[in-house]
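Novice: So for the sequence shown, our numbering puts the first residue at 308; every next one is plus one.
Ideal Cβ positions, reconstructed from N, Cα and C, are used throughout, including at glycine.
Since the model is a prediction, treat every value here as computed from it, not as a measurement.
The structure that follows is given in the form of structure tokens.
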Amino acid sequence: LVVGLAIPISIVGTFLLLNLWGRSLNVISLAGMAFAVGMLVDNAVVVLENIFRHYRNGEPRFVAAYRGTREVYGAVLASTLTTLAVFLPVLFVQEEAGQLFRDIALAISAAVGLSLIISLTVIPTATARLLQSSDQEKSHGDARRQSKVVTHTPVKRVAETCNALAERFVDGVVGLNRFVHARAPRRWLTIGSLLAFSIGISARLWPKVEYLPTGNRNLVFGIILPPPGYNLDELMTLGEIVEQHLQPYWDIDADTIEPSQLEYPPIHDFFYVARGRQVFLGVRAVDPTRAGELIPLISSVRSKLPGTIVIAKQSSLFEQGLTAGRTIDIEITGPDLTRLVALGGQVIGQVSGGIGEAVVPNAQSRPVPSLDLSNPEVHVEPKLIAGRQMGINASRLGYAVNALVDGAFAADYFIGGDKIDLTLIGDPDEMRRSQDMASLPIATPSGQLVPLSSLASIRLASGPEQINHRERQRAITIEVSPPPEVALEDALQRIESQIVDPLRSSGQLDGGYRITLAGTADKLKATWLSLRWNVLLALLITYLLMAALFESWVYPFVIILSVPLGAVGGILGLRALGIYLHWQGSTPQPLDVLTMLGFVILIGTVVNNAILIVHQSLNLMRDQLMSSADAILESVRTRVRPILMTTATTVLGLCPLVLFPGSGSELYRGLGSVLLGGMLVSTIFTLLFVPTVFRIFMGWRRLDRV
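Here it is, written out as structure tokens:
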């Protein structure tokens, strides 16, 4: 009851603080508060357990409340401040990742900060009041023992069994530490083994990096790029073919056909739009969680549309547009458009497997603009001598042709505050065929009307759909969307090593040509570099903060060495989640930048257990004049229980977020798995690693004094 008070008070206070900071409630901020629920009781558990320990040792309840709180005040303050400090660098991350980090950082910081105040004010007061009933029970128990009446209920037997197991576990941990501390070689061997295990497992199992989770959004987009020369009617025909291809999945009767009998999920909504020289379509599934399964259904229509490029992709939660989200833009720039088209075709062939084995199997790629140089064109070439005789230059002739064929801007027209474009356009009946252009009437400055053929030569030709430029150089971009099972970093490395590097080394980019990787891959590099420096900065801030609190440079170094143990736990937790999702038939959880935040949070949470052990050891050496060896073992004995209790509350609080599916779970379950695994593994190792390291450092200090 006492510990539970910390949760609602802190959560309600977090709502108020977020409102004062001008932040809204969203999936990420709510996930941050959900993560914090397990952490909120940590300070309360430490304070309550220490008060109860003093009370069991015979102290009056108010004295036990005062001394128990005072004894762990420094430890809970240090652990809370380190948790808050790691979020300072996170607040300076920019772009989309920074916005997500700020919401979760502010939510956790507000909740944990309030839990510190509650643990030092509400918890001691409530504990002192509630321990009165325990005084009465103690007196009743003495009376029962005097009357020789002994009762054994099932609940009591279970409690006695649990207490016995707990005492054996504590004795085992203390005994293991006593055995390791007995000889210096054992201490060094233990530390070296744990560090080697952490570094080896981290290097072996470190996953590839993603940018942002796409989110399970119930919307799948598709683009169909036909061969050059297709008019609007032909594009509508392509859309009708796609409609017929998808009809078995949107034109169904749920009462007669079970969804399990279909190869793909039933379709709830479907539309297509023919515009420009492409067909754009969108699909929503009846079951929102299965929208991604419609991607191969749309891609399979390619077999019915010869010569077309079909791109299908689930809409990203954080970015708009079909090509946003998980894309790698391969930008090729150079002076000659024909050579750029050849290079672009070579890159697409290598990516998708048209040339040799596919570099990124099952990836979807499309050129921007088209790689086809045979798009039909009509070239109007002015006759300069005839134009000069009639007083029409090339600029005026071009404007006149543009107005008669497609419409040309003439002026602005204002109605109130609204601006309307006035456009001059010819009679559509005069331009039904390309052959009609020769007879278009052109007005000369003298007022005569002459046919266009007398002022210009008209010929049919072919050319590119459009010409893009990057830094004043002609450019072609190949947009590559890796499949969900291939991490963005992995695809980026494959393209760099198997496509870009061979092109550079073979000399195909000589003569002013250049190839770069941009798009989401570029954002991934920038965010990963920024977050990497932020992790180092968080470590430095945590160390300096503990140095100020402990007034020593040595003790914080002992504590900060426990961070690698938390990192290996986070990696193991992420790998375990991947196995769990694979067992469920889902895509394994990648290490996206939101999941990376879990390793930053671990810096502030893993050190909490180490702080308890070091702080209690220093209290025993200072107040009870115990030797360093005895003080360290005694601190382990008295701190095993609160360490296990706080770890259990944090782990159990994270389990629903990690294991239970639901809308939005793909955003935060990776972060939760890192925290869960890091806390679990680091707690087990910290009970042996931190006391051993502290024993070595205290031995050095004793030698220095001698």
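By the 10 Å Cβ neighbour count, where 16 or more other Cβ atoms means buried, how is Asn-350 classified, buried or exposed?
Specialist: Classification of Asn-350: buried, given that the 10 Å Cβ count is 16 or more.
Novice: Exposed or buried, Ser-622, counting other C-beta atoms within 10 Å across all chains shown (16 or more means buried)?
Specialist: Buried is the call here.
Novice: Starting from the N-terminal side, write out each stretch of the beta strand (DSSP E) that is 3 residues or longer and does not extend beyond the segment 859-890.
Specialist: Segments of the beta strand (DSSP E) lying fully in the segment 859-890: there are none.
Novice: Give me the Cβ distance between Pro-949 and Glu-570, rounded to the nearest whole Å; I'm assuming they're in contact under 8 Å.
Specialist: Between Glu-570 and Pro-949 the Cβ distance is about 55 Å, and since that is not below 8 Å, they are no contact.
Novice: Can you tell me whether Thr-432 is buried or exposed, with buried defined as 16 or more other CB within 10 angstroms of its CB?
Specialist: So Thr-432 ends up on the exposed side.
Novice: Quick check: the Cα distance between Gly-320 and Val-913, rounded to an integer number of angstroms?
Specialist: So the two alpha carbons sit approximately 25 Å from each other.
Novice: Using the C-alpha atoms, what's the distance from Val-921 back to Pro-998?
Specialist: Between Pro-998 and Val-921, the C-alpha separation is close to 8 Å.
Novice: Since Arg-360 and Gly-375 should fall inside the 8 Å C-beta cutoff, what is the C-beta to C-beta distance between them, to a whole number of angstroms?
Specialist: Their Cβ separation, rounded to whole angstroms, is 7 Å, which keeps Arg-360 and Gly-375 in contact under 8 Å.
Novice: Identify whether Glu-786 lies in helix, strand or coil by the three-state DSSP scheme.
Specialist: In this structure, Glu-786 counts as strand in the three-state DSSP scheme.
Novice: Verify whether the separation of the beta carbon atoms of Met-928 and Thr-954 is less than 7 Å.
Specialist: Taking 7 Å as the Cβ cut-off, Met-928 and Thr-954 do not qualify as a contacting pair.
Novice: In whole angstroms, what separates the C-alpha of Gly-656 from that of Ile-785?
Specialist: About 11 Å.
Novice: I'd like to check one pair, Ala-665 with Ser-672: are the Cβ atoms closer than 7 Å?
Specialist: Contact: no.
Novice: With 16 other CB atoms within 10 Å as the buried threshold, where does Thr-945 fall?
Specialist: The residue is buried, with at least 16 neighbouring Cβ atoms inside 10 Å.
Novice: Per DSSP, what kind of secondary structure is Arg-739 in: helix, strand or coil?
Specialist: Correct three-state label for Arg-739: coil.
Novice: Just to confirm my understanding: we take Ala-938, look at its own chain, exclude 5 residues before and 5 after, and list those with CB closer than 7 Å. What are they?
Specialist: Same-chain partners within the cutoff: Ser-924, Leu-927, Met-928.
Novice: Looking only at its chain, what residues have a beta carbon closer than 6 Å to the beta carbon of Arg-490, apart from the 5 residues adjacent to it on each side?
Specialist: So the list is empty, once near-sequence residues are dropped.
Novice: Between which residues of its own chain and Val-457 is the CB-CB distance below 6 Å, once the five residues before and five after are set aside?
Specialist: Here Val-457 scores only 47 on pLDDT, less than 50, and its place in the model is too uncertain to base an answer on.
Novice: Tell me whether Thr-640 sits in a helix, a strand or coil according to DSSP, three-state version.
Specialist: Strand at Thr-640.
Novice: How big is the Cα-Cα spacing for Gly-420 and Leu-868?
Specialist: One C-alpha to the other measures close to 25 Å.
Novice: Inspect the CB distances between the segment 771-787 and the segment 729-739 and report whether three or more fall short of 8 Å.
Specialist: No, they do not touch.
Novice: Would you tell me roughly how many angstroms separate the C-alpha atoms of Tyr-862 and Ala-854, rounded to the nearest one?
Specialist: Each residue's alpha carbon lies about 8 Å from the other.
Novice: Could you give the C-beta distance for Glu-792 and Thr-894, rounded to a whole number, given that I count them as a contact under 8 Å?
Specialist: Between Thr-894 and Glu-792 the Cβ distance is about 6 Å, and since that is below 8 Å, they are a contact.
Novice: If the criterion is Cβ atoms closer than 7 Å, does the pair Gly-583 and Ile-783 meet it?
Specialist: Against a cut-off of 7 Å, the Cβ pair of Ile-783 and Gly-583 comes out as no contact.
Novice: Counting pairs of Cβ atoms below 8 Å between the segment 322-341 and the segment 411-430, do you hit three or more?
Specialist: In short, these stretches touch, since the Cβ pair count reaches three.
Novice: Suppose contacts are defined by Cβ-Cβ distances below 7 Å. Is Leu-347 in contact with Ala-313 by that definition?
Specialist: It is a contact, given that the beta carbons lie within the stated cut-off.
Novice: Below 8 Å CB to CB, which residues in the same chain sit around Arg-286 once its five sequence neighbours on both sides are set aside?
Specialist: Residue 286 is absent from the structure shown; the chain starts at 308 and stops at 1013.
Novice: Express the C-alpha separation of Leu-759 and Ile-282 in angstroms, rounding to a whole number.
Specialist: Not covered by the structure: residue 282. The range shown for the chain is 308 to 1013.
Novice: Can you tell me which of the three DSSP states Glu-688 falls into?
Specialist: Glu-688 falls in the strand class under three-state DSSP.
Novice: So is Ala-435 buried or exposed if we call it buried at 16+ other beta carbons inside 10 Å?
Specialist: With 16 or more other Cβ atoms within 10 Å, it is buried.
Novice: Out of Ser-681, Glu-541, Ser-746, which has the shortest C-alpha to C-alpha gap to Gln-773?
Specialist: For Gln-773, the nearest C-alpha among the options comes from Ser-681.
Novice: In its own chain, which residues sit with a C-beta less than 7 Å from the C-beta of Ser-426, not counting the 5 before and 5 after it?
Specialist: Excluding positions up to five away in sequence, the list reads Ala-313, Asn-350, Ala-351, Val-354, Val-383.
Novice: Say whether the segment 721-730 touches the segment 752-767, bearing in mind that this needs 3 or more beta-carbon pairs closer than 8 Å, one atom from each stretch.
Specialist: Touching, no, given that fewer than three Cβ pairs across the two stretches are closer than 8 Å.
Novice: Is the beta carbon of Ser-980 closer than 7 Å to that of Leu-884?
Specialist: In this structure, Ser-980 lies closer than 7 Å to Leu-884 by Cβ.
Novice: Whose C-beta lies closer than 6 Å to the C-beta of Thr-634 among residues of the same chain, with five residues either side of it excluded?
Specialist: Excluding sequence neighbours, Thr-634 sits near Glu-786, Ser-788, Gly-826, Thr-827.
Novice: What's the call for Asn-470, buried or exposed, on a 16-neighbour Cβ count within 10 Å?
Specialist: With fewer than 16 other Cβ atoms within 10 Å, it is exposed.
Novice: What's the gap between the Cα of Trp-890 and the Cα of Asp-594?
Specialist: Those two C-alpha atoms are separated by around 21 Å.
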